[in-house]
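Trainee: Quick one: the structure is below, and I'll ask about it shortly.
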Amino acid sequence: MRRIILFLQLLLGVEMIYAQTETEILNYSRLSYAGSARAAAMGGAFGALGGDISSWNLNPAAVGVFRKSSVTYTSVLNFSGNESGELTARKTSYLIGTVGGVLSGYVKDEKSDWKGFNLGFSYTDLSNNIQNTRQQVYHSPTSLTDVYVWQSQGYKPDELNIFTTGPFYDTYLLYQDENESYHSILETDGETAEWVDQYQEIREKGYLGEFSIAGGTNYKDKLYLGAVLGIQWTYDKQRILYSEIAEENTPSLLVFYEFRQYRRTRVRGSI
């Protein structure tokens, strides 16, 4: 009973929780497991066949197939491109695909039923997210302040989001009228009357990788046994600079404002 009461207190005491955004979910869910060049040439069939550095990530028993020690390295070329109107951007990146090796203790003695023990280790690059984006809109009739006006309605000033609507209110880009309704600094008579030039620059760099340690053996070259410990880690860094420049001699007297966002994510876990 005490546990239930404590859980309800924690649940009711949480005012606001921030989880992953849709952008982060998309970046973390797009995995491109290519494996070694040998496995890629076989269409990934080494997951069942074994004897390859990338096979034990799919089938732990595959590490028991090795009969001699080996070291493997496979690189990846990443080609990316963006088109917007008449502008085109191309970039080629050289990335680590899969690297690792196997220490084999295979026993060739036909009298021995258990054929020794193999120990393998590898690092695999599961995904990369490297991009630089610049966007601009001239003479826009809408503003980011319009979005935050809508998100602020129904909240008191001390209840606003500390990362978005709160800073806009604290810097007078948003304000309240006598009815406690929020308005943008660009509004005149309750409607947006001033146009702005909008600029946004996004710089993002991150990756998702997995380090694995595998061990396995086999019985009479017929029964293969193995186990693998995979440690995944994620690193993502994003910088966003957004700005709006107002027209000259506007009623609001706004010249321009900049809104900077910085996010860095580090996650490690074993599977």
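Here our numbering is used: position 192 in the sequence shown is 1535, and no number is missing along the way.
Even glycine gets a Cβ: it sits at the ideal position worked out from N, Cα and C.
Keep in mind that this is a model prediction, so the values were computed, not measured.
1. Ordered along the chain, which non-local residues of its own chain (more than five positions away) have a Cβ less than 6 Å from that of Glu1544?
2. Check the DSSP bridge columns for Lys1563 and list the partner residues they point to.
3. Could you say if the region 1512-1528 and the region 1551-1570 meet the contact criterion of at least three C-beta pairs nearer than 8 Å?
4. Assuming Leu1503 contacts Leu1597 (C-beta within less than 8 Å), just tell me the rounded distance between them.
5. I'd like to know whether the C-beta atoms of Gly1573 and Phe1460 end up nearer to each other than 9 Å.
6. Go ahead and label Tyr1481 buried or exposed: buried means 16 or more other beta carbons lie within 10 angstroms of its beta carbon, across all protein chains shown.
7. Where does the unbroken alpha helix (DSSP H) through Ser1495 begin, and where does it stop?
8. My output table needs one value for Phe1422: the three-state DSSP class, helix, strand or coil.
9. Tell me whether Gly1509 sits in a helix, a strand or coil according to DSSP, three-state version.
10. Anyone know if the C-beta pair for Thr1608 and Gly1549 falls short of 9 Å?
11. If we call anything under 9 Å between Cβ atoms a contact, is Phe1554 one with Tyr1466?
12. Pick helix, strand or coil for Gly1558, following the three-state DSSP scheme.
13. Since Arg1411 contacts Ser1447 with CB under 8 Å, what's their CB separation in whole angstroms?
14. From Asn1402, Ser1413, Asn1561 and Ser1524, pick the residue whose C-alpha is nearest to that of Ala1495; which is it?
15. Closer than 6 Å by C-beta to Arg1546: which residues in its own chain qualify, once you throw out the five before and the five after it? Chain order, please.
16. Is the Cβ-Cβ distance between Ser1413 and Ile1396 less than 9 Å?
17. Tell whether a beta-carbon distance below 9 Å holds between Tyr1542 and Ser1586.
Mentor: Considering the structure as presented:
1. Arg1477 and Leu1584
2. According to DSSP, which records beta bridges pairwise, Lys1563 is partnered with nothing at all.
3. no
4. Actually they do not touch by this definition, with Cβ atoms about 20 Å apart.
5. no
6. exposed
7. Leu1487 to Ser1495
8. strand
9. helix
10. yes
11. yes
12. Strand at Gly1558.
13. A small correction: the amino acid at residue 1411 is Lys; Arg does not occupy that position in the sequence shown. At roughly 5 Å, the Cβ-Cβ gap stays under 8 Å, so Lys1411 and Ser1447 are in contact.
14. Checking the sequence shown, residue 1495 turns out to be Ser, not Ala. The option with the nearest alpha carbon to Ser1495 is Ser1524.
15. Asn1475 and Arg1582
16. Their beta carbons are under 9 Å apart, which means Ser1413 touches Ile1396 by this criterion.
17. Yes.
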